[in-house]
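Encoded as structure tokens, the structure appears first; notes follow it.
Residue numbers (full-length UniProt numbering): 1 to 114.
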């Protein structure tokens, strides 16, 4: 039984404080990495979803966080040769590589490969 408002308040806060959504920071974007076997398209969608939760993230921070956690592939090599500092420019270049991945996947599926 609850004996006072102070006790009620304490129990209430203890029960529901863990369910509170915490504001994500720019640093949290650097923890999102492309998984082995994950397509560039899927990684980009997952990263963008997380980036929407960090309104303070600048174009530069988003571009840096995204690029640093890419697996070694054609797009990663492209960024290593010609780095991009603006996320919207990175998205435009990524779109070309996503189209290439989609074409390669379609070609493999047409030949019955996985």
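Beta carbons: idealized from backbone N, C-alpha and C, even for Gly.
- With contacts defined as CB atoms closer than 8 Å, residue 88 and residue 59 qualify as a contacting pair.
- Nearest in C-alpha terms to residue 54, of all of 110, 4, 76 and 25, is 25.
- With at least 16 other beta carbons inside 10 angstroms of its own, residue 79 counts as buried.
- Ranked by Cα distance from residue 97, the first of 84, 43 and 74 is 74.
- Using a 10 angstroms sphere on the CB of residue 11, the tally of other CB atoms stays under 16, which defines it as exposed.
- In terms of CA proximity to residue 29, 56 leads the group 41, 6 and 56.
- In the structure shown, the three-state DSSP call for residue 5 is helix.
- With contacts defined by Cβ atoms closer than 8 Å, residue 63 and residue 49 do not form a contacting pair.
- Shown here, residue 79 sits in a helix according to DSSP, grouped into three states.
- Residue 69 and residue 34 do touch by the CB rule: their CB atoms are close to 6 Å apart, below 8 Å.
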